[in-house]
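Here the structure comes first, spelled out in structure tokens, and everything after it is commentary.
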Amino acid sequence: MTIDDLLSELNDSQRAAATLASQHAMVIAGAGCGKTKTIVARAAYLISRGVTPQNIQILTFTRRSASEVVHRVRSHLGDAAKGLQASTFHSWCMNVIRMAPEAFSCQGFTVIDREDQMQMFKLARGGIKDKEIPKSKEILDFYSFARNTRQSLGATLQKVAPELETRKQVIAEVMKSYESKKRERRYLDYDDILDVVAQRLANSPETRDWLSNHYEYILVDEMQDTNPLQWSLLEPLSHRSILFCVGDDAQSIYGFRGADFQNVHSFTDRVPNSVVLKLEENYRSTQPILDISNWLLDQSDLGYDKHLRSMRGDGQKPALMQFENEWEEATWISEDLIKRHDSGAEWRDHMILVRTGFAGRTLETSFLARDIPYTFIGGLKLLESAHIRDVLSLMRLVANPTDDLAWARFLTLWPGIGERTASRCVTAIAGLTRIEDCIATLRRETKLAPVIFDAIERVEQAKLQANHAFAKAVESLEPSLEEKYKSQDWDKRKRDFLLVEKLAERHTSILSFIEDYMLDPVYTSEVEGVDSTDRVTLITIHSAKGAESPVCYVVDVSPGSYPSVRSMNDPEEIEEERRVLYVALTRAKDELIITRRNATTWAKWSFPSKNNDDAYFFNSLPSKLVTQGKLGGKRKPPPPPPPSASGPIHVGIQWD
DNA sequence: AGGCGCACTTTTTTT
DNA sequence: AAGTGCGCCT
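So the first sequence is residues 116 to 771, counted in this note's numbering.
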């Protein structure tokens with residue numbers, strides 16, 4: 116296929132965007148208006164005009180969209196597209212750091228995830244007995260929000276938790292302690308990965324020149340969800356590289372991570388000599404699906420100024436189904452899926468959108484019981500599950516002996532060693548950077564069983580090949596792990612080990628393996644039923660950005676859930692909830708099925724003061740926009756009364 | 001004192 | 001699924 120064929124598939128506005136001359140641009144595009152298509156065409160166009168693929172960096176939100184973009188450009192241009200890079204901000208920065216570890220002073224660092232961070236905050240908070248300071252999870256959220264918005268702690272607290280401003284000093288102490296421990300142990304948290312690069316770009320003209328020389332063009336997808344920290348990566352490069360950003364203010368759903376939906380509007384102020392282009396024709400959905408989505412935005416006081424027009428024309432009205440409770444809802448969805456599959460539909464054409472990972476669990480159970488093949492995106496990630504973390508802890512401490520979170524986890528796997536003993540061992544080896552020194556010290560000063568040292572040494576000998584190291588680690592830990600998980604799906608966990616070993620084949624270094632899968636998650640449910648690729652997608656709305664499906668179920672659109680009871684104090688958060696629902700509704704191509712149920716007892720009970728019904732987005736939903744499903748909540752007939760007593764009962768063994 | 005098993009609660013959203 | 005709290009055992 117030639118570039119002209121590709122361009123002729125676009126409409127005028129898309130083509131104008133894709134073939135824009137060398138100028139910074141912000142493309143504002145509604146849901147389903149061909150954002151990905153335009154980015155693909157832009158990249159292909161640039162390459163066809165002689166730009167070296169290596170000099171184009173595409174930044175997307177998830178690894179799925181990254182690989183999709185590259186795949187599509189390749190399918191149009193073939194080998195000419197070789198070397199084209201698309202990645203998430205995090206994996207991009209990680210690659211940059213790997214290109215020149217010395218320039219960023221990041222040799223031998225271990226990337227840590229949220230759970231590790233929380234563990235550290237827990238330790239940092241531990242010494243303080245004040246009951247009024249927030250939980251470690253909250254402090255972590257404040258910390259990360261402050262860094263992503265590049266605000267001071269004071270400004271952050273004022274914004275997200277004004278009632279805690281008087282506690283600022285204590286909270287600051289906890290954060291300082293976290294930061295110094297993090298440095299000592301050579302950890303990089305998710306925010307560090309971006310910040311390290313951002314700091315160098317800001318302070319080292321040399322680094323800035325070196326990096327901007329790499330990129331003639333930077334293409335950014337989902338611009339509305341980028342935050343100030345991410346902007347501090349783009350801005351310095353924009354002096355030499357040309358930015359091409361695509362986004363939709365109405366789909367901004369990462370405010371909790373510091374994104375501001377206004378940023379697509381302020382683009383021309385922030386970037387001199389830039390243009391704004393708009394894509395307004397929707398090719399994804401039929402008009403009735405867009406009618407309800409448009410209606411939802413119209414209800415907002417914020418003027419989104421969005422009216423999606425379908426190029427596909429009329430279609431089926433969305434269905435709104437009412438249920439008594441979540442089990443009834445899950446059962447109906449499962450049975451509806453089976454009905455569709457029986458009449459010839461493919462599983463893969465169905466997507467179930469949920470607000471929380473937790474909410475997916477009931478559906479998961481229901482699918483498992485009925486043998487409906489599915490993938491759950493946004494659920495538990497393979498490398499985050501307890502048994503894999505156990506094994507990784509041994510690999511981590513070998514790769515970075517100052518990693519005492521790993522030491523603590525590894526040591527407590529052995530019988531007779533609990534938190535206390537482990538922490539004493541960790542103290543004994545504090546500051547030692549060579550694994551041999553750690554082993555020697557522990558042998559001398561503690562009474563750890565020799566098998567423990569054998570385990571470490573065996574992994575040490577295999578550390579130059581990640582999959583071998585993993586296999587050795589599993590081998591040594593298997594007896595302990597079997598004991599620990601024997602009543603908890605041990606067979607399934609055992610299968611996961613083989614899978615992770617396979618994933619590790621592509622990697623030599625342990626640290627690069629861990630980095631990669633930390634930033635590039637594999638979900639636990641992708642692992643099961645590897646045989647079939649025809650599966651239903653169960654997905655959180657936040658993970659569903661950019662995704663689409665012929666048939667979409669949007670689950671639990673009930674009072675108290677949209678907006679969520681937790682957001683009702685803050686008008687900004689309510690608006691974000693509205694956008695979350697908007698994203699969900701606009702994923703559907705042909706059929707949209709919205710389910711809801713009576714407010715959960717949980718919501719009513721834990722937030723009794725809130726009137727869920729007043730804020731509910733569908734309160735004034737015009738009935739002509741949907742087909743009301745028959746009320747699923749038919750009450751069961753009352754059970755028959757128990758029979759009355761009919762004489763004494765004799766129980767016991769039969770005597771002959 | 002420290003380890004460990006058991007019952008109980010508790011879930012926003014992600015890199 | 002994992003965290004917390006409690007009480008028993010070594």
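Think of the CB as a built atom: it goes at the ideal place given N, C-alpha and C, for glycine as much as any other residue.
Quick check on ALA484: buried or exposed, where buried means 16 or more other Cβ atoms within 10 Å of its Cβ?
exposed
Report the residue ranges of all beta strand (DSSP E) runs contained in full by the region 122 to 165; include only those spanning at least 3 residues, in chain order.
139 to 144
Could you tell me whether the region 279 to 288 touches the region 196 to 213, where touching means 3 or more Cβ pairs closer than 8 Å?
no
What whole-angstrom Cβ distance do VAL226 and VAL188 have, given they're in contact under 8 Å?
The pair is not a contact, with the Cβ atoms about 29 Å apart (cut-off 8 Å).
Nearest by alpha-carbon distance to LEU520: which of ARG711, ARG229, VAL211 and GLU450 is it?
ARG229
Take every Cβ of the region 665 to 672, pair it with every Cβ of the region 701 to 710, and state whether three or more of those distances are shorter than 8 Å.
yes
For ARG130, which residues of its own chain have a beta-carbon under 6 Å away from its beta-carbon, when the five flanking residues on both sides are left out?
LEU122
For my contact list, THR341 and ALA374 are in at a C-beta cut-off of 8 Å; report their separation, rounded to the angstrom.
6 Å
From THR652 to ASN582, what distance separates their C-alpha atoms?
30 Å
Our contact map puts ASP505 next to LEU512 with C-beta atoms below 8 Å; I'd like the distance itself, whole angstroms only.
The Cβ separation is near 12 Å, so there is no contact.
At least 3 beta-carbon pairs within less than 8 Å: the region 344 to 353 vs the region 294 to 312
yes
Between the CA atoms of PHE438 and GLY747 - distance to the nearest angstrom
Note that GLY747 has pLDDT 45, beneath the 50 cutoff, so the model's placement of it is unreliable and the number below is only indicative. Roughly 5 Å separates the two Cα atoms.
In terms of DSSP beta bridges, what is THR742 paired with?
ALA434
Length of the line joining the Cα atoms of THR383 and ALA133
19 Å
Can you tell me whether ILE407 is buried or exposed, with buried defined as 16 or more other CB within 10 angstroms of its CB?
buried
Ignore the nearest five residues each way along the sequence and tell me which others in LEU255's own chain have a CB closer than 7 Å to its CB.
GLN232, MET233 and PHE236
Span of the alpha helix (DSSP H) around ALA586
581 to 600
Looking only at DSSP bridge pairs, what is GLY362 linked to?
ILE143
Going by C-alpha to C-alpha distance, which of ALA158, LYS252 and ASN318 sits closest to LEU174?
ALA158
Where does PRO753 land, buried or exposed, given buried means 16+ other C-beta within 10 angstroms?
With a pLDDT of only 49 at PRO753, under 50, the local geometry of the prediction cannot be trusted, and no value is derived from it.
Mapping the DSSP letters down to three states, classify TRP720 as helix, strand or coil.
Any reading at TRP720 must be qualified, since the residue scores a pLDDT of 48, below 50, and its modelled position is unreliable; no value is offered.
Residue interval of the alpha helix (DSSP H) (run including ALA521):
519 to 526
Among the candidates PHE585, PRO636 and HIS465, whose CA atom is the shortest distance from the CA of GLY493?
PRO636
CA nearest to the CA of SER673, picked from CYS540, LYS607 and ALA474
ALA474
For GLN284, write down the residues that DSSP places opposite it in a beta bridge.
None; GLN284 has no bridge partner.
Quick one: Cα of LEU316 to Cα of SER220, how far?
14 Å
Going by Cα to Cα distance, which pick from ASN263, HIS354, LEU272 and ALA146 is closest to GLU253?
LEU272
Can you give me the C-alpha to C-alpha distance between THR153 and ILE143, rounded to a whole angstrom?
11 Å
Alpha carbon to alpha carbon, what distance is there between GLY269 and THR281?
10 Å
Identify whether ASP705 lies in helix, strand or coil by the three-state DSSP scheme.
strand
Beta-carbon contacts of ARG524 that lie in its chain and below 6 Å, excluding the five residues immediately before and after:
SER508
Out of ILE162, THR264 and ILE467, point me to the one whose CA is closest to LEU700's CA.
ILE467
Apply the 10 Å Cβ neighbour rule to GLU278 and answer buried if 16 or more other Cβ atoms are within range, or exposed otherwise.
exposed
Based on the DSSP output, what are the partners of MET466 in its beta bridges?
THR652 and CYS667
So, helix, strand or coil for ILE333, using DSSP?
strand
Exposed unless 16 or more other CB atoms sit within 10 angstroms - verdict on THR167
exposed
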